[in-house]
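Just so we're aligned: 17 in the UniProt record's numbering is position 17 of the sequence shown, and the numbers increase by one with no gaps anywhere.
The C-beta atom is built at its ideal place from N, Cα and C for all residues, glycine as well.
Data block below; observations after.
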Amino acid sequence: MTISDTRRLAAGDTLVLASHNAGKLAEFSALLAGHGVTLVSAGQLGLPEPEETADSFAGNAALKARAAATASNLPALADDSGLCVAALDGAPGIYSARWAGPAKDFPAAMARIHAGIGGNPDRAAWFISVLCLAWPDGTLRTFEGRIDGRIAWPPRGGNGHGYDPVFQPVGEARTFAEMPEAEKNAISHRALAFVRFRDDCLPPAHP
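Here it is, written out as structure tokens:
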């Protein structure tokens with residue numbers, strides 16, 4: 001059963017990041033700096049990674065967060081995110097990482113998107129990130145961030161990661177990969193989701 005309330009983390013709490021990705025741990029550690037919360041990853045705790053079997057970003061984030069919270073008996077935060085393309089009926093969506101395969105071949109995944117769009121004039125696309133905070137008793141808090149844009153071709157820029165070289169946000173002439181990392185991170189889907197999580201669930205930050 002899913003329970004939802006307005007519970008917040010407190011200074012001194014330990015939070016599990018439901019991920020085995022060291023880069024993601026570094027990113028969230030920086031975001032949490034100053035809030036007095038200690039972040040450890042599921043990988044550091046030796047927790048297994050659950051299979052992502054849900055049919056939505058929110059569902060997969062909840063699966064990962066709930067599994068980490070249950071195994072660690074600590075609150076856990078998970079994120080699930082991806083790129084959705086209008087001309088591909090929202091694909092790759094929740095399968096964004098899987099389109100790149102085990103080798104994380106994002107150039108091939110971007111080429112697959114380009115081929116799939118073909119001559120379709122609709123190049124609208126959007127990135128979505130869903131953060132889920134789970135507590136051991138089953139309480140869940142979910143926060144979504146979305147940024148709209150279009151698919152650019154050919155890929156441009158050497159910054160960022162994943163599909164950033166082909167995503168051009170609305171109102172921008174640059175792709176995500178052409179922006180300085182700090183500038184992109186200030187407007188990204190994950191940043192928008194994190195702001196909502198921060199405002200609702202974290203203790204106030206201190207310098």
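ask   = Could you give the uninterrupted runs of the alpha helix (DSSP H) lying entirely in the stretch 146–179, keeping only those of 4 residues or more?
value = none
Which one of Ala125, Gly162, Asn185 and Ser41 has the shortest CA to CA distance from aspartate 89? Ala125
- Should proline 102 be labelled buried (16 or more other beta-carbon atoms within 10 Å of its own) or exposed? By the beta-carbon neighbour count (other beta carbons within 10 angstroms, threshold 16), proline 102 is exposed.
N-terminal and C-terminal residue of the beta strand (DSSP E) that aspartate 80 is part of | 76–85
Going by DSSP, what residue range makes up the beta strand (DSSP E) through tryptophan 126?
Start and end: 124–134.
Exercise. Should proline 107 go down as buried or exposed, given a rule of 16 or more other Cβ atoms within 10 Å for buried?
Worked result: Proline 107 should be labelled exposed.
Given this structure, state the Cα-to-Cα distance separating histidine 10 from alanine 91, to the nearest angstrom.
First, the amino acid is wrong: residue 10 is alanine here, not histidine. Taking the straight line joining both Cα atoms gives about 38 Å.
Element boundaries [beta strand (DSSP E), containing leucine 17]: 14–17
task: Have a look at Phe57, Glu51 and Ala65 and flag the residue whose alpha-carbon is nearest the alpha-carbon of serine 41.
output: Ala65
Cβ pair isoleucine 151, isoleucine 113 closer than 8 Å | yes
query: What is the DSSP secondary structure of proline 92, counted as helix, strand or coil?
result: Proline 92 falls in the strand class under three-state DSSP.
Hey, quick one: how far does the alpha helix (DSSP H) through valine 37 stretch, first residue to last? Run containing valine 37: none; DSSP gives neither H nor E here.
| query | Where histidine 206 and tryptophan 153 are concerned, what is the direct C-alpha to C-alpha distance, given to the nearest angstrom? | reply | 43 Å
- Message: The alpha helix (DSSP H) that contains aspartate 200, what's its start and end?
- Response: Counting along the chain, the alpha helix (DSSP H) containing aspartate 200 begins and ends at 189–201.
Given a threshold of 16 other Cβ atoms within 10 Å of its Cβ, counted over all protein chains shown, does glycine 82 qualify as buried or as exposed?
buried
query: Which class does threonine 70 belong to by DSSP, given the choice of helix, strand or coil?
result: helix
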